[in-house]
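These notes are about the structure you will find just below.
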Amino acid sequence: MKKFNIRKVLDGLKEVSSSTPSVQVGPQENHLFHETLQSDHFQLCKTVRHGFPYQPSSMAFDPVQKILAIGTQSGALRLFGRPGVECYCQHESGSAVIQLQFLINEGALVSALADDSVHLWNLRQKRPAILHSLKFNRERITFCHLPFQSKWLYIGTERGNVHIVNVESFMLSGYVIMWNKAIELSSKAHPGPVVHISDNPMDEGKLIIGFESGIVVLWDLKSKKADYRYAHDEAIHSVAWHHEGKQFICSHSDGTLTTWNVRGQGRPIQTITPHGKQPKDGKKPEPCKPILKVEYKTTRNGEPFIIFSGGLSYDTVGRRPCLTVMHGKSTAVLEMDYPIVDFLTLCETPYPNDFQEPYAVVVLLEKDLVVIDLAQNGYPIFENPYPLTIHESPVTCCEYFADCPVDLIPALYSVGSRQKRQGYSKKEWPVSGGNWGQGTLSYPEIIITGHADGTVKFWDASAIMLQVLYKLKTAKVFDRNRSKEDKGSTEVSDEDPFAIQIMAWCPESRMLCVAGVSANVIVYRFSKLEVTTEVVQLLEVRMQSELNETDSPDGGGEPTSAHHTPGASPHTSGPPSQPSTSSNNSDGGNMPCLKVRSTPLKQSAGYQVDLVVQLVWVSGEPPQQISSLALNSTYGLVVFGNSNGVAVVDYIQKTVVLNLGTVELYGSNDPYQRQPRSPRKSRQPSGGLCDINEGSATSEDRCKSPTSVLLSVCPPRGANPLDHRDNSFSRSRSSSVTSIDKESREAISLFYFCETFARKGDSTLTPCLYVGTSLGTVLVLVLTLPPAGEQRQLQPVIIAPVGMLVRLKGSVLRMALLDSSGSLLPPSFDPWFEPNVTTDGEEKVPKRRPVSVSPSTSQDLSESQYAVVCSEKQAKVVSLPSQTCIYKHNITETSFILRADVVQMTQGVCLACFCANGHIKTLSLPGLRPLLDVNYLPLTDMRIARTFCFTNLGQAMYLCSPTEIQRITYSQETCENLQEMLGELFTPVETPEAPNRGFFKGLFGGGAQSLDREELFGEIAAGKASRSLAQHIPGTGGIEGMKGAASGVVGDLARARIALDERGQKLGELDERTAAMMTSADSFSKHAHEMMLKCKDKKWYQF
């Protein structure tokens, strides 16, 4: 073991920032550490974003590369390939993406935005970048069309004009189709914005332009005039061609579909109202809702498919949004769970002039992505392999664990695979483009999300992917049936009574504990076997903090449940003190405690209920929400606290071991002279889920919003409870002791189980529980545990408060214990064992399981430990057993810390903090030297505060929207390896052969007519466009972006292409130089010849 030298202590102190001086106390101890972590081990960058794109607005598909792109209302772009290949990009302006168009099989994408800009994205690099942008100044973009294998992009505008852009140079062509020239005298009024543009599949020289008012024009690009005009008296939403180019179909605002012959003037050849009721007297059907989009896809060996969204009858009130598939005489109406944003039909060929052979429909909904199999009867959907169900029920809390035990993910996957639904399509998922990354940094990572409906989801987050492993429904424990009068008056269903508030999980023992908003705690064990629990074991706890009851030694009152062994009759009744209808009185309308089910509960393999603990109403007032939670599998204890006090439950014996008010934890050493509160004083929920959307949310409101936050564990000192009207974090967190009443509301903010020196000067390690409070105090409780085995079942656990360890500014957020060398001492745990193995019909007694020895007991007891404590404002390192503060660092003066974690990096241990002002900081341990300080994210959303988590090996995550998880890393090593870990979007694929025209079509015409667009739209023929119309902006993803493309096939191809471009450029320059030399030689020869002719007949003396 290393020896430490006191003389060098001052050197360690100098390393800490001068503005936040460290404090060194206790010169009799040696505290010099060789800290291996340096600032160059840290770098902050985003890694990957998972989940459903929030507020989607548009979609596109590359049928050759098989890549799907989705644009959102906030300017985000999400690209999906095969499962595990995802990419996120962002337009800087943040404007909504109104349309996306792939350059099919070219590794590029065009996006049109609501701010009238068009962008070209390069997808041939792992992180796509913009190559060119074009910003329109005088006209608003309404529709874009890029024909297959064309470099000319048609852009329709609100004024009814069509402009043409060269996608290679992103310059406007001088060729413009003006609205008045297109319609001429066919209409007296302006035809409205352009809603559709597409070229005839059989003749690229004919362009169909649909105007909103109902006029459709077939424009001849060569002759620059309209061939035909088709007028209808209902507004048009979309147009679709038959692949032979002789017919097209339009969808209208009255729910009708009209079919037109290209050469037919005047009337459509067919008008149908698919969902309209047909009157018997031959009149027109009743109008229906608009058909927003229609697609017309042909098959070689059968009837064509007509697929459309919308068009339902107006009398179908409350009916869900539908997609209609018409195939021959059959019409299938497919109901969707959410409104349809867009849909695309996936076809076998990218060529528009061939039989389309549709095989699937991708339907983009407001909150889901559905893919329908058109080839199977009944149109089943494909099982979606992407992690798009994060928001299935709104996320209320989450935890992140990196470097988990290796057997954990397979165990969760095996029980989760049994939960999968049946009835999906048997075919492979059709979006299959791209390749996975080649990253070498892979270790087991698990994300756990708690949801508003009481579900807990476990996700495999290894290797920057995300896949759901297992789903636990905690609401099954409770009775959902309520009395009729209760339902009518409280509307509990709107308030998410089962919402998860805090989760505590021990990955090694697989014990799980969750606290819900209804002041309940559920303890779960993991089992691979199915079991039926006859009676759910229930404990009820009374927690009250009426300080005028000072004569009672047990400030929280006696627990209502007596000590009983698992074999005894468990307690199953509801709260005895108050009926559930007591929520109807004037106590603020809070919801009553939930009723635990009394019928047998069938529990499938996975997490199974071991014990339910409920806080009950006291004196007509509801229990305060639980603000902190912890469990330890070695000790068999669960501890939880709120603004009233702390309760410790022995989940092995199913008893309450301790139930104390916060004041009683101090004993006679209470630093605050607290006075009793009036028992009728209005009581505020200690902190819990508060609405982040509604400005009217006050501290006394219960959460009515599913996207609610658990931000602080008590109303802050010196300030009113958090007011969300300005949705900001400018709250006062004064540490001065001013209000007696507020101090008496000290809440429990943190628990930490450990084996340490309980008292000053102790020489032996004792199991302890550290309790952190909202006033910055850390209190110590000593645990006396019976020996393992049978005695652990029978003898009581004894817990005794021994006083205060340390005080800090602000609420205590995180604690950890280091050994004498500065290494992290994790809390002890028991390895997992199967709880349902039976011998002769009796439950296996836990005495047979191996009990692990705490890591701290193996060290030399003469050496010290170090307790790391972090609060909202500062961090301190306390030497044990002397209990002297050896390091102190004020992390933030003007803001406060929202999340802090002690994390294990590859090179050592550090303290990672996320501040409300958006700064992410890391500090060395135990020296508290600042290593990283990055202004990462201005905190505009409470969701981020509620869901931000750090974990080991430099990983962190938060919910960046209600539907998406953003993962980041603060490790230099991960940042360096990120390029390799990311997947490739673009892979070299041969473009399918064009359809064969056939001998007779080639002989007599009728095949596809090609068009030299360059000749029509180029600068020579069309001239230059007006400079004031649009502004060209070069992008950042040009040659430099491509040079930084990933290694691998795509990178090599990109480099080869660049090299060829450069070589071609040089050869071109050489050609030009040679041509110039030849011109100059010709000129010289010509001049020489003229001179010779002039001088031929002259005599020498004439010169």
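Numbered by our numbering, the letters in the sequence shown go through residues 1 to 1103 in order.
In this text, a Cβ means the ideal position worked out from N, Cα and C, and glycines have one as well.
Point to revise | Whole runs of the alpha helix (DSSP H) within the stretch 748-801, excluding any shorter than 4 residues | key: 790-794
Check your understanding: Taking just the CA atoms, how far does A69 sit from N377?
Key -> For the purposes of this step, residue 377 is identified with residue 377 of the sequence shown, where counting begins at 1. For the purposes of this step, residue 69 is identified with residue 69 of the sequence shown, where counting begins at 1. Straight-line Cα distance between these residues: approximately 28 Å.
Practice item. Drop a sphere of 10 angstroms on the beta-carbon of E746, count the other beta-carbons inside from all chains shown, and report buried for 16 or more, exposed for fewer. Key: Locating residue 746 in the sequence shown gives position 746, where the first residue counts as 1. With 16 or more other Cβ atoms within 10 Å, it is buried.
Check your understanding: With which residues is F136 paired in a DSSP beta bridge?
Key -> Indexing the sequence shown from 1 puts residue 136 at position 136. Per DSSP, A1030.
Check your understanding: If you measure from the CB of A515, is any heavy atom of the ligand ATP nearer than 7 Å?
Key -> In terms of ligand content, the structure shown is empty, and the ligand ATP therefore cannot be addressed.
Review point. Nearest CA to the CA of V780: which residue from H1087, G822, T662, N642?
Key: On the sequence shown, residue 780 is found 780 positions in, with the first residue counted as 1. For the residues H1087, G822, T662, N642, the minimum Cα distance to V780 belongs to T662.
Review point. With DSSP run on the structure shown, which of helix, strand or coil describes T396?
Key: Locating residue 396 in the sequence shown gives position 396, counting from the first residue. The answer is strand: DSSP assigns T396 an E or B state.
Check your understanding: What do you get for L374, buried or exposed, if any count of 16 or more other CB atoms within 10 angstroms of its CB means buried?
Key -> Taking the first residue of the sequence shown as position 1, residue 374 is located at position 374. Per the 10 Å Cβ criterion, buried.
Exercise for review: Count the C-beta pairs between the stretch 874-881 and the stretch 933-943 that are closer than 8 Å, then say yes if the count reaches three, no if not.
Suggested key: no
Check your understanding: Looking at C-beta atoms only, is the number of pairs between the stretch 356-364 and the stretch 328-341 that lie closer than 8 Å three or more?
Key -> yes
Review point. Helix, strand or coil for G1018 per DSSP?
Key: Counting from 1 along the sequence shown, the entry for residue 1018 is found at position 1018. The answer is coil: DSSP assigns G1018 none of H, G, I, E or B.
Check your understanding: How many angstroms separate the CA atom of P767 from the CA atom of S828?
Key -> Position 767 of the sequence shown, counted from the start, is the residue given in the question as residue 767. Position 828 of the sequence shown, counted from the start, is the residue given in the question as residue 828. One C-alpha to the other measures close to 10 Å.
**Study point:** Validate contact between the stretch 422-432 and the stretch 960-980 using beta carbons, cut 8 Å, 3 pairs
**Key:** no
Review point. DSSP on K742, reduced to helix/strand/coil?
Key: Your numbering for residue 742 matches position 742 in the sequence shown. Residue confidence is low: K742 scores 44 on pLDDT, short of 50, so the model does not pin down where it sits. Its coordinate-derived value is still stated next. In the structure shown, K742 sits in a helix (DSSP, three-state: H, G or I).
**Study point:** Residue environment, N5, which counts as buried when at least 16 other CB atoms sit within 10 Å
**Key:** Indexing the sequence shown from 1 puts residue 5 at position 5. Its pLDDT being 43, under 50, N5 is placed unreliably by the model, and nothing is read from it.
Review point. What distance in whole Å lies between the Cβ atoms of L769 and F757, which are believed to be in contact at a cut-off of 8 Å?
Key: To locate residue 757, count along the sequence shown from 1; it is residue 757. To locate residue 769, count along the sequence shown from 1; it is residue 769. In fact, because the Cβ distance is near 14 Å, the residues do not count as touching under 8 Å.
Review point. Can you round the beta-carbon distance between V294 and I249 to whole angstroms, since I take them to be within the 8 Å contact cut?
Key: Position 294 of the sequence shown, counting from 1, holds the residue named residue 294. Position 249 of the sequence shown, counting from 1, holds the residue named residue 249. With 8 Å as the limit, V294 and I249 qualify as a contact, their Cβ atoms being about 6 Å apart.
Review point. Does the distance from the CB of I522 to the CB of V612 come in under 8 Å?
Key: Here residue 522 refers to the residue found at position 522 of the sequence shown. Here residue 612 refers to the residue found at position 612 of the sequence shown. A contact, by the Cβ cut-off of 8 Å.
Exercise for review: Per DSSP, which residues does W152 bridge with? Please list them.
Suggested key: Reading the sequence shown from its first residue, position 152 is the one you call residue 152. Answer is N166.
**Study point:** beta strand (DSSP E) runs wholly inside the stretch 320-357, at least 3 long, in chain order
**Key:** 322-327, 330-335, 340-347
Review point. Does the stretch 921-933 touch the stretch 884-891, meaning 3 or more C-beta pairs lie closer than 8 Å?
Key: yes
Practice item. Just grab the DSSP bridge partners of G71 for me. Key: If you number the sequence shown from 1, residue 71 lands on position 71. DSSP output for G71 lists S58, L77 as bridge partner(s).
Point to revise | Alpha-carbon to alpha-carbon, M1078 and E1090 | key: To locate residue 1090, count along the sequence shown from 1; it is residue 1090. To locate residue 1078, count along the sequence shown from 1; it is residue 1078. Cα to Cα, the separation comes out at about 18 Å.
Check your understanding: Excluding five sequence neighbours on each side, which residues of the same chain lie with their C-beta closer than 6 Å to the C-beta of D460?
Key -> The residue labelled residue 460 in the question sits at position 460 within the sequence shown. Cβ within range, chain order: I409, Q467, L469.
Check your understanding: Enumerated in chain order, which unbroken segments of the beta strand (DSSP E) with a length of 3 residues or greater are wholly contained in the stretch 923-972?
Key -> 930-935, 949-951, 955-961, 964-971
Practice item. Give me whichever residues DSSP pairs with D650 in a beta bridge. Key: Stepping through the sequence shown from its first residue, residue 650 is reached at position 650. Partner(s): L637, T655.
Review point. Are at least three pairs of beta-carbons, each pair with one atom in the stretch 417-424 and one in the stretch 62-79, less than 8 Å apart?
Key: no
Point to revise | I740 burial status per 10 Å Cβ neighbour count (16 or more: buried) | key: Along the sequence shown, one-based indexing puts residue 740 at 740. For I740, the predicted structure reports a pLDDT of 39, less than 50, and the residue's modelled location is therefore unreliable. The matter cannot be settled from this model.
Check your understanding: Exposed or buried, what is Y866 when buried is set at 16 or more other beta-carbons lying within 10 Å of its beta-carbon?
Key -> Along the sequence shown, one-based indexing puts residue 866 at 866. It is buried - the Cβ of Y866 has at least 16 other Cβ atoms within 10 Å.
Review point. Are the Cβ atoms of C144 and V176 separated by less than 8 Å?
Key: Indexing the sequence shown from 1 puts residue 144 at position 144. Indexing the sequence shown from 1 puts residue 176 at position 176. No, Cβ-Cβ distance for C144 and V176 is not below 8 Å.
Practice item. Enumerate in chain order the residues of its own chain whose CB-to-CB distance from P405 is below 8 Å, with the five nearest sequence positions on each side excluded. Key: By one-based count along the sequence shown, residue 405 stands at place 405. Once the five neighbours on either side are set aside, the close Cβ partners of P405 are P444, P507, E508.
Check your understanding: Do you know how far the Cα of D762 is from the Cα of K126?
Key -> By one-based count along the sequence shown, residue 126 stands at place 126. By one-based count along the sequence shown, residue 762 stands at place 762. So the two alpha carbons sit approximately 57 Å from each other.
Review point. Does DSSP put S569 in a helix, a strand or coil?
Key: Numbered from 1 along the sequence shown, position 569 holds the residue referred to as residue 569. Residue confidence is low: S569 scores 32 on pLDDT, short of 50, so the model does not pin down where it sits. No coordinate-derived value is stated.
Check your understanding: From which residue to which residue does the beta strand (DSSP E) around P812 run?
Key -> The residue labelled residue 812 in the question sits at position 812 within the sequence shown. Here residue 812 turns out to be Val, not Pro, going by the sequence shown. Residues 812-818.
Check your understanding: Since H145 sits in a beta bridge, which residues does DSSP pair it with?
Key -> For the purposes of this step, residue 145 is taken as residue 145 along the sequence shown, with counting starting at 1. DSSP output for H145 lists Y154 as bridge partner(s).
**Study point:** As assigned by DSSP and simplified to three states, the class of V362
**Key:** What you label residue 362 is simply residue 362 of the sequence shown in a count that begins at 1. Strand at V362.
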